Structures are given as structure tokens and as C-alpha cells.
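In our numbering, the protein residues as written are 314 to 581.
For every residue, glycine included, the Cβ atom is placed at its ideal position computed from N, Cα and C.
Predicted model only: the values in this text are computed from it and were never measured.
To keep things clear, I will list the structure first and then write my remarks on it.
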């Protein structure tokens, strides 16, 4: 009788504990590799580290061709509240090469990039619910040399929204408005964008996202509207590690022709 009771009690405890283990899975939600933002925040006391190992962009215009390579673009995200996280981002190294097609001259700039501080707040959405929303405020300090850095401080707000159509398919919209640095390095101007994306989850560890981006930049040196299309993929070999890749193609003359980004994220 005692043995039977003990077995029954052990089975009941195991059954009760099983859902708890599933619920205790870490909240691992890297913002990368998509162009759009995210409302998901890091759990209090934990840290996300996201890094671009290679970020190459080419902009081929009638008068010049510019190639920019950035490595060691580091983003640290620290959970400080149930729905709040702090972010610190720094570009460790960049190289910008511009060739004047008419003169044949080449100008190369290397150095570190700017330092960005941000606060993200999760406003709506819970696990198992289809809709989520958030807001992110940021300010960038000009610690890098132009064109790797902006040359002066800038600030802005990002509002990401997402709706899960099914367990595998989700649509996301990210709006952004910035007081962006002028190309001259003196003063700021209005810039705003909207990114619409469709994410598909092949498995629990493999996802892909397709996006369209429209950006308006009212720089005094010249107003531009840029259109781009992007495709990204992410693979999670473990519950706290991600490897990813992003490819972007310009859809009009104002947008850079091509961009390729590789990197990953890890949760501590």
C-alpha cells in the first residue's frame, strides 16, 4: 500500500512539473536579422548579445561607387523590468571606400562607429496571444568618424507591431521617425520609414522573413525616398544561440544596390 501510494505521488509530481519546465524556457528573441524592430524585451537580469560579423553594402551611382564594410557591430540588451530593457550598441570597426568614376580617385575612411543608447518597452501582447506592440526610444552619440559615424548626435522613436496569423506565419509593421544627423555633420533633419515583413517558421529552430522598406530622408543636402526589399533567415541550434543572414536589394536609384549581413545572437 505504501509502495503504491509512493508511486502514485511521484507520478503526480512529475505530471505537475512537466508544464513548468516548458514555461521556464528562456525568452530568447533577437531583433536581428530582420530590418524591422521588435516589441520583445529581455527578461530581468538576463543579457542578449547580438553581433554582425560582416555587414557589406554597395551603392553604385552614376558619378561614384561606394563600398562600406562594418564588422564587430555589437548590441547588448539588458532586461531591467518585466517589460523593459536597456540597449547599448557600438560599431567596433568600419571601412568606407568611395571611387569617383570621372576622376578615378579613391577615398578610403576607416575607424569606429557611433554609440547608441536605447530603451525598449513592451506595451501589449502575451505568450499565446496573436498581437504584440512596443516602443523604443534611442539617442546616438557621435563617437565615430563620418561616414562610419554620423558626425553629430541623433535621436528617434521606433514602434513595432506584430500579428501572428497562424502558428507559423506572422506579419509585422515597424514605423520609425528620427531627428537624423545631416550629411554635413552639422544639425539634424526629419527622416521616417515603414517596414512591412512576413515571417514564416519552418521549424522551432529555423525561420525566414521577407520585408519591404520605404524610407524618406529630408537631408538639406538632398531629399530622397528609398525603397528596398530584404530576405533573412535565422537558425537556432540551441535555445540561447542564433546564427543568421540578411540580404537587402535596392528597388530604386536612391537606395543602395545591395547589402549582405551575417552574424548571430546569444543569451546569457
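Where residue i falls: helix, strand or coil (DSSP)
i           : result
residue 355 : coil
residue 553 : coil
residue 558 : strand
residue 568 : coil
residue 497 : coil
residue 341 : coil
residue 581 : coil
residue 347 : coil
residue 573 : strand
residue 513 : strand
Residues near residue i in its chain [Cβ-Cβ closer than 6 Å; skip 5 each side]
i           : result
residue 569 : 370, 372, 563
residue 500 : none
residue 549 : 518, 555
residue 485 : 349, 475, 510
residue 340 : 356
C-alpha gap between residue i and residue j, whole angstroms
i           : j           : result
residue 423 : residue 580 : 30 Å
residue 532 : residue 413 : 22 Å
residue 577 : residue 345 : 8 Å
residue 546 : residue 512 : 9 Å
residue 461 : residue 507 : 24 Å
residue 537 : residue 495 : 13 Å
residue 448 : residue 487 : 10 Å
Bridge-paired residues (DSSP) for residue i
i           : result
residue 436 : Answer is none; residue 436 lacks a bridge partner.
residue 518 : None, per the DSSP bridge assignment.
residue 508 : 487, 526
residue 563 : 541
residue 466 : In the DSSP output, where bridge partners are listed per residue, residue 466 has none listed.
residue 476 : 444, 484
residue 362 : 389, 579
residue 405 : None, per the DSSP bridge assignment.
Beta-carbon proximity list for residue i, same chain, < 7 Å, skipping 5 on both sides
i           : result
residue 469 : 451, 489, 490, 491, 492
CB contact below 8 Å: residue i versus chain C
i           : result
residue 404 : Of the chains in the structure shown, none is chain C; there is only one protein chain.
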